[in-house]
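**Student:** Position one of the sequence shown corresponds to residue 42 (my numbering), numbered consecutively onward.
Ideal Cβ placement from N, Cα and C applies to all residues, glycine included.
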Amino acid sequence: MLTIGLIDDNTGGFYLLQKLKQALPCNYKFVLCNKPFGGVKRALFDRVEKLTKRLLSEQGCDAVVYASVALSFVGRALSARGLPVFYCEAPVLHAATYTVSNVLVACCDATCDRMPADNVITVAMPRFPELSEQGNEQHIVDYITACADMYVGQFDCIALGHSSMNNYKRCFKRVFPNAQVFDSADGVVRRIRKKYRKHVRDEGDFVLLDENFEDITDKFTTQL
């Protein structure tokens, strides 16, 4: 049966996992890393490449998906080498097709410097992963307001540039009810389904692993 690997550094990856399960029932193996993706690019590349190759070789995965937008540069490089890797990107271009105004891109520090400049307002929200883990929606709404309220009236679409934000689209809608909100998961789900849908038979198994590939599925049963 088809087996898809997934890599992320926060529980926002579960949002992508659920979308993938709905679009493509199969086996899934999710590596939830305990250290945030950031720092020196070369070190991050080597770290993620190692995890990817272990999923493909040792874990029997047919493809690997990066939930974190911060790993898009790794995904592009490994895809160019012929590895079956898929990656998320902030849906800036997709959002731009829905507006003649600006697109507000909400992201964390690691990805803000890689956003296109034309018609884009980039807002760094470095505390979002931490707040998303705590799960207090009012705190998240307050944080979004503090970071982006100054741009009210300057945009009508929002592109989410971090996996931790996807599960809180409704919080962005609460702050900006007239804006369309696009998450970073939809595009990669469409690409994976298009490529592998003929291989799907039945819903498969799910395993959650830490970065050492120890099974931690039982610790996150409420999110599965």
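Where does the unbroken beta strand (DSSP E) through Gln-221 begin, and where does it stop?
**Tutor:** It spans 221-223 - the beta strand (DSSP E) in which Gln-221 sits, taken as one unbroken run.
**Student:** I need the straight-line Cα distance from Pro-77 to Gly-46, nearest angstrom please.
**Tutor:** Cα-Cα distance, rounded: 18 Å.
**Student:** Using 8 Å as the cut-off, can you tell me whether the stretch 68-83 makes contact with the stretch 123-136, which would need three or more C-beta pairs spanning the two stretches below that distance?
**Tutor:** Cβ pair count under 8 Å is below three, so no.
**Student:** May I have the straight-line CA-CA distance separating Arg-175 from Pro-66, to the nearest angstrom?
**Tutor:** According to the sequence provided, residue 175 is Gln. The question's Arg does not apply to it. Each residue's alpha carbon lies about 29 Å from the other.
**Student:** Whole angstroms is fine: what's the gap from Asn-160's alpha carbon to Asn-208's?
**Tutor:** Each residue's Cα considered, the two are about 25 Å apart.
**Student:** What are the boundary residues of the alpha helix (DSSP H) that includes Tyr-184?
**Tutor:** Element bounds for Tyr-184: 178-189.
**Student:** Between which two residues does the alpha helix (DSSP H) harbouring Ala-121 extend?
**Tutor:** Here the alpha helix (DSSP H) through Ala-121 covers 113-121.
**Student:** Under 8 Å Cβ to Cβ from Ala-220, same chain only, skipping five residues before and after it: list those, please.
**Tutor:** Within the same chain, Ala-220 has close Cβ partners Leu-145, Phe-196, Asp-197, Cys-198, Ile-199, Phe-213 and Lys-214.
**Student:** At the level of alpha carbons, what is the spacing between Asp-49 and Asn-75?
**Tutor:** Those two C-alpha atoms are separated by around 9 Å.
**Student:** Please report how far the alpha carbon of Ser-142 lies from the alpha carbon of Gly-228, in whole angstroms.
**Tutor:** Rounded to the nearest angstrom, the two C-alpha atoms are 22 Å apart.
**Student:** Do Pro-125 and Val-110 have their C-beta atoms closer together than 9 Å?
**Tutor:** Not a contact, by the Cβ cut-off of 9 Å.
**Student:** Could you tell me which residues DSSP pairs with Val-248 in its beta bridges?
**Tutor:** Lys-70, per the DSSP bridge assignment.
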